[in-house]
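Right, one structure below, let's go through it.
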Amino acid sequence: MLTIDEGILRVLSGVSLFSGLDRVHLIWLLSAAERVNVGAEQLFFDEGDPGDKFFVFIKGSTVVEKRAGEGWAKIVDLRPGDTFGEMSIIDGVPRSARVRALGDSIALCLPQRRLESSPEVAAIIYRNIARMQAARVREANEKLFSK
5 MLTIDEGILR
15 VLSGVSLFSG
25 LDRVHLIWLL
35 SAAERVNVGA
45 EQLFFDEGDP
55 GDKFFVFIKG
65 STVVEKRAGE
75 GWAKIVDLRP
85 GDTFGEMSII
95 DGVPRSARVR
105 ALGDSIALCL
115 PQRRLESSPE
125 VAAIIYRNIA
135 RMQAARVREA
145 NEKLFSK
């Protein structure tokens, strides 16, 4: 029998990527996901890795970084409830950045093949990814053309 972690379920219910999913869908999502524990300085994934899954950051300290010359440039620090890796499940392009744990960290990982085993959940999540990307494009356009 599946044991439901109410704390993680609360985190999932606040994730914008899961907007529109009811409790039954969130429980399905939790049961379909894999828990990933990563130690300090380890990677959830590296730039260039295949993009066949996405993650929900649950706990710890994690940063998204992009190769810049000989080193790495920080893009953003992740907070619990943030998602990462969702772009690659849309376009199939290898990872455009790496995600590195600064300290012991936990995320839930949902492989694309599992997501697509529930067409109803997949449709909602893909719609939400499209909305998130549209908002990012609008924000980038505003910054670029508001000068």
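Under the numbering used here, the sequence shown is numbered contiguously, ending at residue 151.
Cβ atoms here follow ideal geometry from the backbone N, Cα and C, with glycine treated the same way.
From F59, S20, E143, residue whose alpha carbon lies closest to that of S92: Of F59, S20, E143, the smallest CA-CA separation from S92 is found for F59.
Spatially closest choice to V42 from D53, V15, L114, R104, by CA coordinates: Ranking the options by Cα distance to V42, first place goes to R104.
For L112, the nearest candidate out of R27, S23, I31, D26 (CA to CA): Of R27, S23, I31, D26, the residue nearest in Cα terms is I31.
Closest by C-alpha distance to G75, when choosing among D26, A101, E124, D81: That would be A101, whose Cα lies nearest to the Cα of G75.
Test item: CB-CB of S17 and N132 under 8 angstroms: For S17 and N132, no; Cβs fall outside 8 angstroms.
Distance CB(A37)-CB(L106) smaller than 8 angstroms: Result no, Cβ atoms of A37 and L106 do not sit closer than 8 angstroms.
Residues that G75 bridges to, as DSSP identifies them: G75 is bridged to A72.
From D26, L13, S35, V15, residue whose alpha carbon lies closest to that of P115: When each option's Cα is compared against that of P115, the closest is S35.
Three-state class that DSSP yields for M5 in the structure shown: Confidence at M5 is low in this model, with a pLDDT of 40, below 50, so its placement is unreliable and the value that follows should be read with caution. Coil.
When I12, E124, E51 are compared against I79, the one with the closest alpha-carbon: Closest in alpha carbon position to I79, among I12, E124, E51, is E51.
Which listed residue (E69, R135, N145) has its alpha carbon closest to that of F22: Checking every option, the nearest Cα to that of F22 belongs to R135.
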